[in-house]
Structures are given as C-alpha cells and as structure tokens.
Amino acid sequence: MHSCGVSLVEPTRVITNPAVCLLILLGLAYILYQMWGRYTPKPRAENGKTEPYLSGEDRPFGTVFPSYHFYFVAFFFTIIHVTALVISTVPGELVLLGVAYIALVGFSILAMIKLFLIPASRFLPRRGVTPRPEIYT
Amino acid sequence: MEAIQTLTCLAYIIVFPGLIFLVVYSLFCEWFDRKLYAKMQNRVGPPIFQPFADFIKLMTKEDIIPKGVNPKIVNGIPIFALAAVATAFLYLPIFEDFTLFSFQGDLIVVLYLLTLPSLCLFLMGWYSKNPYGVVGATRTLTQVFSYEAAFLISLLGPALLAGTWRISEIVRFQSDPTGLGYWVILAQPIGFVVAIISLQGKLERIPFDIPEAETEIVAGPLVDYTGRKIGFFRLIMDMEMVAGAGLISALFLGGFTNILGFPYTSFIVFIVLTLIIVFLLSVIRTVFARLRIDQMATVFWKYLVGLSLIQLLLAAVERMAIA
Numbered sequence: 001m002h003s004c005g006v007s008l009v010e011p012t013r014v015i016t017n018p019a020v021c022l023l024i025l026l027g028l029a030y031i032l033y034q035m036w037g038r039y040t041p042k043p044r045a046e047n048g049k050t051e052p053y054l055s056g057e058d059r060p061f062g063t064v065f066p067s068y069h070f071y072f073v074a075f076f077f078t079i080i081h082v083t084a085l086v087i088s089t090v091p092g093e094l095v096l097l098g099v100a101y102i103a104l105v106g107f108s109i110l111a112m113i114k115l116f117l118i119p120a121s122r123f124l125p126r127r128g129v130t131p132r133p134e135i136y137t
Numbered sequence: 138m139e140a141i142q143t144l145t146c147l148a149y150i151i152v153f154p155g156l157i158f159l160v161v162y163s164l165f166c167e168w169f170d171r172k173l174y175a176k177m178q179n180r181v182g183p184p185i186f187q188p189f190a191d192f193i194k195l196m197t198k199e200d201i202i203p204k205g206v207n208p209k210i211v212n213g214i215p216i217f218a219l220a221a222v223a224t225a226f227l228y229l230p231i232f233e234d235f236t237l238f239s240f241q242g243d244l245i246v247v248l249y250l251l252t253l254p255s256l257c258l259f260l261m262g263w264y265s266k267n268p269y270g271v272v273g274a275t276r277t278l279t280q281v282f283s284y285e286a287a288f289l290i291s292l293l294g295p296a297l298l299a300g301t302w303r304i305s306e307i308v309r310f311q312s313d314p315t316g317l318g319y320w321v322i323l324a325q326p327i328g329f330v331v332a333i334i335s336l337q338g339k340l341e342r343i344p345f346d347i348p349e350a351e352t353e354i355v356a357g358p359l360v361d362y363t364g365r366k367i368g369f370f371r372l373i374m375d376m377e378m379v380a381g382a383g384l385i386s387a388l389f390l391g392g393f394t395n396i397l398g399f400p401y402t403s404f405i406v407f408i409v410l411t412l413i414i415v416f417l418l419s420v421i422r423t424v425f426a427r428l429r430i431d432q433m434a435t436v437f438w439k440y441l442v443g444l445s446l447i448q449l450l451l452a453a454v455e456r457m458a459i460a
C-alpha cells in the first residue's frame with residue numbers, strides 16, 4: 001500500500017493500513033465512551049426501569065426468534081455481491097464478457113423478482129368470480 | 138523523519154480529517170438537515186448548537202442496561218460502529234492531494250466499513266430482550282439486504298468507468314481532460330439517483346425509517362437503550378450521512394476538484410458538495426411518507442437494482458468507448 005506521490009516510511013505505511021486505523025479509532029471511541037461514563041449518574045434498578053418497554057405483561061426473558069419470510073431478499077443480496085466482485089475483477093480485454101454476464105444476472109434477478117415479489121393477492125380469486133367448488137369424494 | 142510522519146498520520150486520524158473533525162462536521166450537518174426539514178415544513182427549526190446540546194444531554198443521562206442483556210456486548214457495539222464509520226471517512230479524499238491513506242481497492246473497504254453500523258444496529262436490537270427491538274432488528278437486516286445491493290452497483294459504475302478501485306483516482310479521472318474530463322453524474326445520472334435513494338435507505342431516514350418506525354415499534358432496535366448508547370448511535374448516523382455524502386460527491390460530482398484554483402479551496406468544494414447531497418436527502422425526507430417493509434423491498438429490488446444494472450451495462454459500454 002502506498003500513497004500517490006508520497007514515499008512512506010515503514011511505520012507510516014503500517015498506520016495508514018485500514019485494520020490499524022480501525023484499531024486506533026476503536027481505542028479512541030472506547031476512551032470517549034468511558035470518559036462520558038464518568039459524567040453519567042449511576043444506574044439504579046428501580047421502578048421497573050430495567051424491564052422491557054412493553055405493556056406490563058409477564059413474559060419470559062429469552063431470545064425472541066421471529067419467523068422470517070424475506071429470505072429471498074437475502075438470496076438476491078448474495079447474488080448481487082458476487083456479481084459485483086466478479087465484474088470488478090474482469091480484465092480489461094474481457095469487458096464484453098462482463099457485459100454479457102451483467103445482462104444474464106440482471107435477467108435472472110428480474111425473473112426471480114417476478115416469481116417472489118408478486119403480491120399474494122394475485123393468487124386469490126378475483127372479485128365477482130366464484131371459486132371452483134371443490135369436489136369431495 | 139519517521140517520527141514526524143507517524144505523528145502527522147496520528148494527527149490525521151485523531152484530529153483532521155479524522156475523528157474530531159468528523160464529529161463536529163456531522164453535528165453541523167445534522168443541524169443543516171433539521172433546519173432545512175423545518176423550513177420546508179414552514180417551521181423555524183433548531184438553533185445551530187441544538188445537535189451538540191442534544192448529544193451532551195444524551196451522553197450525560199443515566200445509562201440503563203435492560204434486564205437479561207449482556208452489558209459488555211451492548212456497550213461494545215456502539216464503540217465498534219463509531220470506529221468503523223470514522224475509519225471509512227479517513228479514506229475519502231476530502232481535499233486535493235490528501236491521498237496519504239489512499240490505496241488500490243479503498244472504495245471496497247469504505248463500502249464494507251459503511252455497512253457495519255447497520256449490522257451493529259441489528260445486533261443491538263437482536264440482543265435486547267424486547268419484541269419491538271427484535272422486530273426493529275429484523276427490519277434493519279431486511280433493509281440492509283435491500284438497499285446495499287443497489288448502493289454497491291450504483292457506486293460500481295464510476296469505478297468501472299475510471300478503471301480503478303481507488304477513490305482519489307476516480308476523482309482525478311473526472312477532472313483530467315485525458316480521462317473523462319467532466320463529472321460522472323453527466324455520464325451516469327441513473328447511478329447517481331440510485332445512490333442517493335440507497336443512501337437514504339442506509340441512513341434509515343424517511344421514507345425508509347421502517348426499522349425505527351416510532352408509531353409502530355416505538356424506537357425499533359434501540360427501544361430499551363438509553364443515554365450513551367442512543368447518543369452514540371445518533372452520532373454514528375450523522376457521521377454515516379457525512380461519509381456517504383462525501384463518497385457520492387467524490388464518485389459522481391468530481392470530489393475535491395479545485396474549481397476555484399486557490400489553495401485549500403478544494404476543501405471548501407468538498408463541504409459545499411456534501412451539503413448539496415444533505416440537501417437532496419432532506420428534500421426526500423420532506424416529500425415522502427414512510428413505506429411498508431415489503432414496499433421498500435419492492436422499490437429496491439424491482440426498480441432500483443434493475444436501474445443500477447442498466448447503468449452498469451451503460452458504464453461498460455462507455456468504458457469501451459473511452460478506451
């Protein structure tokens with residue numbers, strides 16, 4: 001890693017590394033956070049202030065696991081990230097191949113969006129149309 | 138020589154353009170945003186020191202740890218999020234010749250560092266034992282999955298056009314007559330619009346304030362937290378707004394290009410450009426109402442990702458034309 005037009009000596013080269021910068025700033029943020037902690041009143045657990053902000057019902061303290069039906073959004077997200085990384089590493093002479101790849105991924109994504117993001121109401125019977133009677137045997 | 142360069146680097150990280158400058162400028166941008174928002178609603182708006190006063194007030198409030206929550210984790214998450222945004226900001230060229238931290242691939246590092254605050258917000262909600270907090274956390278994650286792809290692809294366009302992953306080189310490419318010679322926004326207007334809308338989603342502002350929808354889930358992931366934690370997260374969102382605005386201005390609006398030609402005026406250009414982006418974000422915040430989570434997913438995946446892919450195709454064609 002080097003900067004444009006500036007020759008860096010070794011310690012500076014280390015400090016400008018993103019991981020090292022992150023560590024330095026982590027330390028600074030920690031000091032800032034702890035410093036403010038000296039000015040805050042000591043927390044006192046009274047009047048239910050440590051209870052969850054709810055309506056007063058008793059509920060067991062455990063991790064809540066909601067059901068999640070947006071998994072397809074996460075699926076698209078992964079596809080697009082892989083595409084972005086592939087495109088960014090395509091060599092200059094293979095740009096046309098990259099264009100074809102983008103077009104293919106775009107078409108696939110649109111097809112899947114059509115499949116997943118169609119409102120459920122489309123599958124319900126339309127107004128005025130009598131649903132087919134089910135035949136019980 | 139070594140000691141001086143090391144101290145200079147540390148000063149960059151701590152003071153300018155590092156943490157202290159970013160905190161001050163972020164609070165100023167929050168005031169600018171709130172003032173514009175108020176003016177557009179025919180209100181007076183806050184005085185200039187209001188965000189600073191709000192920050193001090195929150196930081197000196199009683200810091201309650203909710204029952205059943207691991208204090209080490211919930212105290213550590215805001216620290217990590219703040220450090221991630223501050224690190225991302227260091228790699229933005231905020232004035233001419235400030236490329237000390239620049240390296241090939243810094244754009245990718247900045248993009249991923251800017252994703253961390255949203256993930257930290259998700260963790261805050263997930264670790265709270267509150268149903269509102271958990272609902273807010275899952276909404277945050279769904280929103281990340283939605284806007285992040287559009288944001289990434291829209292910012293990939295300028296990099297593809299310039300043929301580099303170094304932000305400072307993309308800026309130079311826009312001012313260099315042998316490169317593009319004009320701002321990327323003129324070549325990639327769709328990408329710019331998608332980037333602005335995605336940034337609004339990233340900052341969880343109206344119409345994408347779904348994770349913390351006050352009228353539905355109180356405050357979402359942060360519902361059970363008080364004092365320093367809320368103060369830090371509000372500051373982090375302001376810092377992310379500045380970093381996002383700086384990134385978009387660098388990639389689409391010529392960044393630090395010294396239009397006026399005087400020394401240090403490139404920094405003024407950076408300030409003006411980021412304020413223009415904040416203005417656009419304020420306008421969006423004013424004229425729209427909150428979407429539902431499924432509407433948000435539809436907007437990003439059905440329209441914005443498609444548009445950004447089209448823009449990416451055009452960028453590849455433009456690249457071939459330039460070459």
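Residue numbers (the working numbering), protein chains in the order written: chain V, 1 to 137; chain H, 138 to 460.
By construction, the Cβ of each residue, glycine as well, lies at the ideal position given by its N, Cα and C atoms.
Nothing here was measured: the structure is a model prediction, and the numbers come from that model.
Closest by C-alpha distance to residue i, when choosing among the options
| i | options | result |
| --- | --- | --- |
| V/Y33 | H/A382, H/I307, H/V211 and H/T394 | H/V211 |
| H/L446 | H/L292, H/G364, H/M374 and H/L244 | H/L292 |
| H/W263 | H/G242, H/Q241 and H/I214 | H/I214 |
| H/P348 | H/I322, H/A434 and H/S386 | H/A434 |
| H/K216 | V/A103, V/R13 and V/L23 | The displayed chain sequence assigns Ile, not Lys, to residue 216 of chain H. The residue with the shortest Cα to Cα distance from H/I216 is V/L23. |
| H/I333 | H/A287, H/V454, H/F393 and H/M376 | H/A287 |
| V/F76 | H/T301, H/E285, H/T352 and H/I405 | H/E285 |
| V/E74 | H/F192, H/G242, H/I373 and H/F282 | Here residue 74 of chain V is Ala; the residue named in the question, Glu, does not match the sequence. Closest by alpha carbon: H/F282. |
| H/Y149 | H/Y228, H/E139 and H/S312 | H/Y228 |
| H/G381 | H/A175, H/L336 and H/I343 | H/L336 |
| V/V14 | H/F153, H/Q142, H/V152 and H/I151 | H/Q142 |
| V/F166 | H/V442, H/A458 and H/V454 | The structure shown does not extend to residue 166 of chain V, since chain V is modelled only from 1 through 137, so no value can be given for it. |
| V/T12 | H/V152, H/E139 and H/F153 | H/E139 |
Nearest-angstrom Cα separation, counted from residue j out to residue i
| i | j | result |
| --- | --- | --- |
| H/R456 | H/A299 | 8 Å |
| H/A350 | H/I430 | 11 Å |
| H/I354 | H/M261 | 15 Å |
| H/G155 | V/M112 | 43 Å |
| H/M532 | H/V420 | Only positions 138 to 460 of chain H appear in the structure, and residue 532 of chain H is not among them; the question remains open. |
| H/I307 | H/G316 | 10 Å |
| V/C4 | H/S239 | Confidence in V/C4 is poor, its pLDDT being 43 and thus under 50, which makes the residue's placement unreliable; the coordinate value appears in the next sentence. The straight-line gap from Cα to Cα measures roughly 7 Å. |
| V/F61 | V/P43 | Interpretation of V/F61 is limited by its pLDDT of 49, a score under 50 that renders its predicted location unreliable; no figure is taken from the coordinates. |
| H/F158 | V/A100 | 44 Å |
| H/I413 | V/E46 | 47 Å |
| V/V20 | H/L251 | 17 Å |
| H/L195 | H/R371 | 10 Å |
| H/I385 | H/F329 | 8 Å |
| V/T50 | H/R422 | 34 Å |
| H/V181 | H/L173 | 9 Å |
| H/W311 | H/G318 | Note that residue 311 of chain H is Gln in the sequence shown here, rather than Trp. If you take the alpha carbons of H/Q311 and H/G318, they lie about 5 Å apart. |
| H/I405 | H/Y269 | 43 Å |
| V/H2 | H/A274 | Bear in mind that a pLDDT of 43 at V/H2, under 50, signals an unreliable position, so the model cannot answer this. |
| V/H81 | H/L289 | 8 Å |
| V/V90 | V/G98 | 7 Å |
| H/T402 | H/L410 | 12 Å |
| H/T352 | H/R427 | 11 Å |
Spatial neighbours of residue i in its chain, beta-carbon cut-off 8 Å, leaving aside the 5 residues before and after
| i | result |
| --- | --- |
| H/Q187 | W168 and R171 |
| H/Q280 | S255, G338, E341, F345, I347, P348, I430 and M433 |
| H/M376 | L159, V160, S163, L219, V222, A223 and F226 |
| V/A29 | none |
| H/P230 | T236, S239, I304, S305, V308, A387, G392 and F393 |
| H/T301 | Q241, I307 and F310 |
Close-in-space but distant-in-sequence residues of the same chain around residue i (CB under 6 Å, 5 per side omitted)
| i | result |
| --- | --- |
| H/N267 | V360 and D361 |
| H/I202 | P208 |
| H/A460 | none |
| V/V105 | T83 |
| H/I327 | L444 and Q448 |
| H/R276 | I347, P348 and I430 |
Own chain residues within Cβ distance below 7 Å of residue i, not counting five before or after
| i | result |
| --- | --- |
| H/A452 | G294, L297, L298 and Q325 |
| H/I185 | W168 |
| H/E199 | T363 and G364 |
| V/F123 | The predicted model places V/F123 with a pLDDT of 45, which falls under 50 and marks its position as unreliable, so this point remains unresolved. |
Interface residues of chain A facing residue i [CB-CB closer than 7 Å]
| i | result |
| --- | --- |
| H/C146 | Among the protein chains in the structure shown, which are V and H, there is no chain A. |
Cβ-heavy atom distance, residue i to the ligand SAH, below 7 Å
| i | result |
| --- | --- |
| H/V330 | The ligand SAH is not part of the structure shown, which contains no ligands of any sort. |
*asked:* What are the residues in the segment 28-52 of chain V lying within 7 Å of chain H by C-beta distance?
replied: Cβ contacts with chain H come from L28, A29, Y30, Y33, W36, G37, Y39, T40, P41, P43, K49, T50, E51 and P52.
*Mind listing which residues of the segment 282-298 of chain H have their C-beta closer than 9 Å to chain V's C-betas, in chain order?*
Per Cβ criterion, the list reads F282, S283, E285, A286, A287, L289, I290, L293, A296 and L297.
_Near-chain H residues of the segment 96-112 of chain V (beta-carbon distance less than 7 Å), N- to C-terminal order_ = So the close ones are G98, V99, I102, A103, G106, I109 and L110.
*Interface residues of the segment 15-27 of chain V facing chain H [CB-CB below 7 Å]*: When CB distances to chain H are screened at a threshold of 7 Å, the residues of the segment 15-27 of chain V falling below it are I15, T16, P18, C21, L22, I24, L25 and L26, in chain order.
_What are the residues in the segment 330-357 of chain H lying within 7 Å of chain V by C-beta distance?_
Identification of residues in the segment 330-357 of chain H having a C-beta nearer than 7 Å to some C-beta of chain V yields V355, given in sequence order.
*Which residues, taken in chain order from the segment 183-199 of chain H, show a beta carbon closer than 8 Å to some beta carbon of chain V?*
Cβ contacts with chain V come from M196, T197, K198 and E199.
*Taking a cut of 7 Å between CB atoms, which residues from the segment 240-268 of chain H lie near chain V?*
For the segment 240-268 of chain H, which is checked against every Cβ of chain V, the residues closer than 7 Å are F240, V246, K266, N267 and P268.
*Report the residues of the segment 427-445 of chain H with a CB closer than 7 Å to any CB of chain V, ordered along the chain.*
Result list: A434, T435, W438, K439, V442 and G443.
*Pull out every residue of the segment 200-214 of chain H whose Cβ sits closer than 8 Å to any Cβ of chain V, in chain order.*
Within the segment 200-214 of chain H, the residues whose Cβ lies closer than 8 Å to some Cβ of chain V are D200, I201, I202, P203, K204, G205 and N212, listed in chain order.
*Name, going along the chain, the residues of the segment 315-328 of chain H whose beta-carbon falls closer than 9 Å to a beta-carbon of chain V.*
Listed in chain order, the positions of the segment 315-328 of chain H with a beta carbon within less than 9 Å of a beta carbon of chain V would be empty, since no residue qualifies.
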